[in-house]
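Student: Have a look at the structure that comes next, please.
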Amino acid sequence: MIEAKTTEIKMTEAKTTEAKRPTINWMDVLWLVLLALLAVLPPVREYHKQLILLAFGILQLNEGWLIARTPKRGDAYIVLLKIALATLLLDHTGEIPINSYYYPIYYLPAVTAAEYFGPWATLFWTSLASVAYCSYLYPALQEYEITGEDYGRLAIRIVFFFLAAMVVNRFVVESRRQTQRYQELAATLAETNRRLEQAQAEARRSERLAALGQLSAGLAHEIRNPLGVIKGSAEMLTQKLGDSNPLATELSGYISTETNRLSALVTRFLDFARPLHADLTPQDITAILDRALHDVAQFWKGSPVRVEKEYQPGLPLVPLDESLSEQAFVNIVQNSYDAMAPNGGQLRVSVRKSRTGDRNDDRAGGMVDGVEVRIDDSGPGIPLELREQIFNPFVTTKKTGVGLGLSIVSKIIDGHHGTIRIEAPDNFADEKAAGEPGSNVAGPGAHFVIFLPAANEQSAVGKSAHLVIS
Ligand SMILES: Nc1ncnc2c1ncn2[C@@H]1O[C@H](COP(=O)(O)OP(=O)(O)OP(=O)(O)O)[C@@H](O)[C@H]1O
Ligand SMILES: [Mg+2]
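Numbering (the working numbering), first residue to last: 482 to 951.
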């Protein structure tokens with residue numbers, strides 16, 4: 482069945498190529514010259530013969546066009562017409578048509594069939610051409626006696642029809658196979674190229690992150706000391722003033738709380754910028770996910786969010802730093818809650834075993850076993866133009882956001898030799914419809930897919946390991 486389908490595709494390809502052919506090319510001209518040569522060879526005064534040769538010429542010139550017009554059976558009609566014309570030609574080129582010197586004209590339908598069809602169909606069409614040729618045996622038998630030798634000669638001619646058809650067919654089938662191989666090769670190359678570009682984009686992102694990280698670290702470090710002095714001074718001022726000056730006390734209170742906020746922010750910057758120390762031990766990832774979900778849910782004050790979990794049983798352990806991975810999941814889940822804050826919604830967390838290609842890993846042909854965590858929410862989704870930059874630091878659409886959450890996530894996942902990507906919503910139409918006034922379609926939602934390699938005996942991170950994620 483598959484074979485049949487492939488043959489069909491190949492045939493369609495052949496037809497399309499034919500249809501695109503220029504109306505007259507040099508091969509067609511050569512054809513016409515050869516037919517003209519036949520026309521000036523005896524019998525010259527037999528105008529039926531000339532008409533038939535003309536018909537052959539017209540058919541040849543319009544073959545591509547005819548096949549394009551009737552894509553379903555065009556090729557079959559062409560072969561049939563050629564058999565009919567060949568049979569007519571024999572009738573007008575010899576007293577006894579079966580003895581006509583023009584009998585090789587049957588090579589034309591046989592070779593045409595070989596060009597357009599598979600081996601079995603070629604055999605069929607060549608048989609039909611042979612039957613048409615042999616049909617002239619009947620009138621010959623009425624008038625003459627045909628000897629065994631004559632039958633032998635006839636058989637030789639017919640076997641040559643088949644021979645020519647099969648040689649051409651074999652060549653055509655082989656060339657189609659080669660074309661398909663080249664197409665597959667081209668597709669593989671395109672895919673490799675795509676992966677390479679993706680890897681380059683990731684590398685550029687990492688470089689940018691590293692540069693920004695250094696800058697943030699330097700700045701945060703410099704800001705931290707004066708902040709400590711301001712905070713200490715404000716607290717001393719509050720103590721010294723006591724109740725004597727309520728306004729000054731209130732103002733120094735503001736200084737204190739705002740300094741605390743700034744200090745927390747600086748700590749966040751440093752989390753992002755500083756090398757993180759990770760102690761990787763094989764962990765049950767679902768327990769960590771549960772904790773992250775609980776952490777976010779317990780402080781949630783917006784509209785209700787329904788959480789749905791789907792954990793595949795028998796998941797492998799994953800080498801993780803408990804607190805860092807929990808922080809990464811908290812950041813993602815918190816974003817989903819934030820996105821659904823106005824109307825509430827549904828958060829779906831699923832974990833399953835997975836196997837993915839890792840260009841840095843040579844084991845098992847570059848395939849790595851692990852787990853795939855999907856976090857899908859029913860919020861408004863992430864705008865297309867933001868998807869490229871979302872893991873870069875300081876990209877935020879929130880009034881009070883810093884834009885560091887996902888860049889910290891990306892850093893942690895990278896440090897765990899994992900990957901994170903955003904998947905487009907299933908149905909782009911839904912994505913468009915969502916948000917349109919009067920539309921009933923829920924938000925297209927954000928879909929995060931995280932892959933983490935499983936604990937592996939041979940892996941450096943298979944058992945406990947201490948890593949510095951910079
Ligand atoms: N689940 C989501 N749905 C819709 N938009 C999202 C989602 N997750 C992230 N985003 C978008 O990506 C931006 C960056 O997220 P990120 O977590 O890095 O920063 P943030 O949440 O804005 O600030 P913070 O540093 O406090 O986390 C967000 O401002 C938001 O626009
Ligand atoms: Mg965030």
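Note that the Cβ used here is the ideal one computed from N, Cα and C, for glycine as well.
Contact between the region 671-688 and the region 700-709: three or more CB pairs below 8 Å?
Tutor: No: fewer than three Cβ pairs fall under 8 Å.
Student: Start and end of the beta strand (DSSP E) containing Phe932?
Tutor: Start and end: 928-934.
Student: Figure out for me which residue from Asn650, Glu678, Leu798, Val788 has the closest Cα to the Cα of Tyr597.
Tutor: Minimum Cα distance to Tyr597 is reached at Asn650.
Student: Using alpha carbons as the reference points, say which of Trp606, Lys892, Leu948 lies closest to Ile931.
Tutor: Of the candidates Trp606, Lys892, Leu948, the one whose C-alpha sits nearest the C-alpha of Ile931 is Lys892.
Student: Quick check on Val653: does DSSP put it in helix, strand or coil?
Tutor: Here Val653 sits in helix by DSSP.
Student: With respect to the alpha helix (DSSP H) encompassing Val852, which residues constitute its N-terminal and C-terminal limits?
Tutor: Element bounds for Val852: not the alpha helix (DSSP H) but the beta strand (DSSP E), 848-858.
Student: Near Arg868, which residues of its chain fall below 7 Å by C-beta distance, leaving aside the five closest residues on each side in sequence?
Tutor: Same-chain partners within the cutoff: Ile903.
Student: Using three-state DSSP, classify Ala701 as helix, strand or coil.
Tutor: It is helical.
Student: Does the beta-carbon of Gly956, which I'm using as the reference point, lie nearer than 8 Å to any heavy atom of ligand 2?
Tutor: Limits of the chain in this structure are 482 at one end and 951 at the other, which puts residue 956 out of reach.
Student: Report the three-state DSSP secondary structure of Ala888 (helix, strand or coil).
Tutor: Contrary to the premise, residue 888 reads as Ser rather than Ala in this sequence. Ser888: helix per DSSP, three-state reduction.
Student: Looking at the secondary structure, which residues open and close the beta strand (DSSP E) in which Glu961 lies?
Tutor: What the structure shows of the chain is the stretch from 482 to 951, and residue 961 is not part of that stretch, so it cannot be assessed.
Student: What residues match up with Pro523 in a beta bridge as DSSP calls it?
Tutor: Looking at the DSSP assignment, Pro523 forms no beta bridge with any residue, so it has no partner.
Student: How many whole angstroms separate the CB atoms of Thr927 and Ala820, which I take to be in contact at a CB cut-off of 8 Å?
Tutor: Reading off the sequence shown, one finds Ala at residue 927, where the question assumed Thr. Contact holds; Cβ gap of about 6 Å.
Student: Do you know how far the Cα of Val811 is from the Cα of Gly882?
Tutor: In a straight line, the C-alpha of Gly882 is about 15 Å away from that of Val811.
Student: I'd like to confirm the pairing. Which residues does DSSP put opposite Lys834 in its beta bridges?
Tutor: Paired residue(s): Val852.
Student: Return yes when at least one heavy atom of ligand 2 lies under 8 Å from the C-beta of Gln815, else no.
Tutor: Checking the Cβ of Gln815 against ligand 2 gives yes.
Student: Given a cut-off of 9 Å on the beta-carbon distance, is the pair Leu516 and Ile564 in contact?
Tutor: No, they are not a contact pair.
Student: To the nearest angstrom, how far is it from the Cα of Ala571 to the Cα of Ala667?
Tutor: Residue identity differs from the one stated: residue 571 is Leu in this sequence, not Ala. Between Leu571 and Ala667, the C-alpha separation is close to 48 Å.
Student: What does the alpha-carbon distance come out to for the pair Thr628 and Phe605?
Tutor: Straight-line Cα distance between these residues: approximately 28 Å.
Student: In terms of DSSP beta bridges, what is Arg829 paired with?
Tutor: Note: Arg829 sits in a beta bridge opposite Glu789, Asp857.
Student: Once DSSP output is grouped into helix, strand and coil, what is the label at Ala809?
Tutor: Three-state result, Ala809: helix.
Student: Kindly identify the DSSP beta-bridge partner or partners of His947.
Tutor: Answer is Asp760, bridged to His947.
Student: Could you compute how far the alpha carbon of Lys790 sits from the alpha carbon of Ala671?
Tutor: Distance between the alpha carbons of Lys790 and Ala671 is about 37 Å.
Student: In three-state terms, what does DSSP make of Thr603?
Tutor: Helix at Thr603.
Student: State the Cα-Cα distance for the pair Phe750 and Ala701, rounded to the nearest angstrom.
Tutor: Whole-angstrom Cα-Cα distance: 7 Å.
Student: Pick from Leu542, Arg526, Gln764: whose alpha carbon is nearest that of Val514?
Tutor: Checked all of Leu542, Arg526, Gln764; the closest Cα to Val514 is Leu542.
Student: State the Cα-Cα distance for the pair Gly943 and Ala680, rounded to the nearest angstrom.
Tutor: Because Gly943 sits at a pLDDT of 49, beneath the cut-off of 50, its placement in the model cannot be relied upon, and the point is left open.
Student: Hey, would you say the C-beta of Gly825 is under 8 Å away from at least one heavy atom of ligand 1?
Tutor: Answer for Gly825: no, Cβ out of range of ligand 1.
Student: Measuring only the C-alpha atoms, how far is Tyr625 from Pro590?
Tutor: Those two C-alpha atoms are separated by around 29 Å.
Student: Exposed or buried, what is Gly795 when buried is set at 16 or more other beta-carbons lying within 10 Å of its beta-carbon?
Tutor: Flag for Gly795 reads exposed.
Student: According to the Cβ coordinates, are Thr740 and Ile711 closer than 9 Å?
Tutor: Result yes, Cβ atoms of Thr740 and Ile711 sit closer than 9 Å.
Student: With burial defined as no fewer than 16 other Cβ atoms inside 10 Å of the residue's Cβ, what is the status of Lys879: buried or exposed?
Tutor: When all chains shown are included, Lys879 counts as exposed.
Student: So Pro524 and Thr574 are supposed to be a Cβ contact under 8 Å. How far apart are they, rounded?
Tutor: Between Thr574 and Pro524 the Cβ distance is about 6 Å, and since that is below 8 Å, they are a contact.
Student: If we require 4 or more residues per run, which alpha helix (DSSP H) segments fall completely within the region 517-585?
Tutor: Correct list: 528-542, 544-550, 555-572.
Student: Under a Cβ-count criterion, where at least 16 other Cβ atoms within 10 Å of its own Cβ denotes burial, should Asn908 be classed as buried or exposed?
Tutor: At Asn908 the pLDDT is 48, less than 50, meaning the model places this residue with poor confidence and gives no usable figure here.
Student: Nearest by alpha-carbon distance to Asp776: which of Leu798, Pro763, Ile766, Gln808 is it?
Tutor: Of the listed residues, the one whose Cα sits closest to Asp776 is Gln808.
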